[in-house]
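Before any comments, here is the structure.
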Amino acid sequence: MRFLILIYGNPESREVWKGLTEEQQREAMTGYVRLHEALTASGELIASDSLDDPATTKQVLVRDGTVMTTDGPFAEVKEQLAGFYLVECDTLERAIEIVPQIPEAAFSIVEVRPVRDLSGLTS
1 MRFLILIYGN
11 PESREVWKGL
21 TEEQQREAMT
31 GYVRLHEALT
41 ASGELIASDS
51 LDDPATTKQV
61 LVRDGTVMTT
71 DGPFAEVKEQ
81 LAGFYLVECD
91 TLERAIEIVP
101 QIPEAAFSIV
111 EVRPVRDLSG
121 LTS
């Protein structure tokens with residue numbers, strides 16, 4: 001079963017990151033590399049990435065065939081998606097076991113969501 005592990009940032013978590021020493025930030029980044037290697041070796045990793053700063057966001061709305069865009073960031077949204085892991089795990093419990101290995105989980109919000117299998121859809 002596929003799970004999307006979503007890592008969120010907010011003003012508080014960004015301040016925590018900025019408050020880390022260079023050595024602590026390097027250790028955290030090394031933690032991400034180790035997690036990527038472990039998930040790749042286990043065959044569980046499908047994809048993972050970090051997202052750019054929320055200020056680079058484009059919100060896209062389509063209404064009655066008209067496409068409208070708005071530049072970010074969006075003040076009404078406190079939590080911003082910062083990165084993700086798409087994994088293939090046997091159980092939800094296994095996907096949850098991955099979360100403590102994400103360095104940012106110690107000071108951010110991480111969400112685990114099952115991915116619906118739409119492979120059976122036909123046109």
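In the UniProt record's numbering, the protein residues as written are 1 to 123. C-beta: ideal position from N, C-alpha, C; glycine also. Keep in mind the model is a prediction, meaning the values are calculated, not measured.
- Here the region 37-48 makes contact with the region 83-96; the two share three or more CB pairs at distances below 8 Å.
- The three-state secondary structure of V115, taken from DSSP, is coil.
- For A41, the uninterrupted alpha helix (DSSP H) run begins and ends at 22-42, by DSSP.
- The C-alpha of E79 is placed about 6 Å away from the C-alpha of Y8.
- Exposed is the label assigned to V62, since fewer than 16 other Cβ atoms lie within 10 Å of its Cβ.
- Taking V112 as the centre and dropping the five residues before and after it, the same chain places the C-beta of F3, I5, A95, I96 closer than 6 Å to its C-beta, in chain order.
- DSSP lists no bridge partner for A95.
- Within the same chain, and ignoring the five residues on either side of V115 in sequence, the residues whose Cβ sits closer than 7 Å to its Cβ are R2, F3, L4.
- In this structure, T56 keeps its C-beta atom at 8 Å or more from the C-beta atom of G43.
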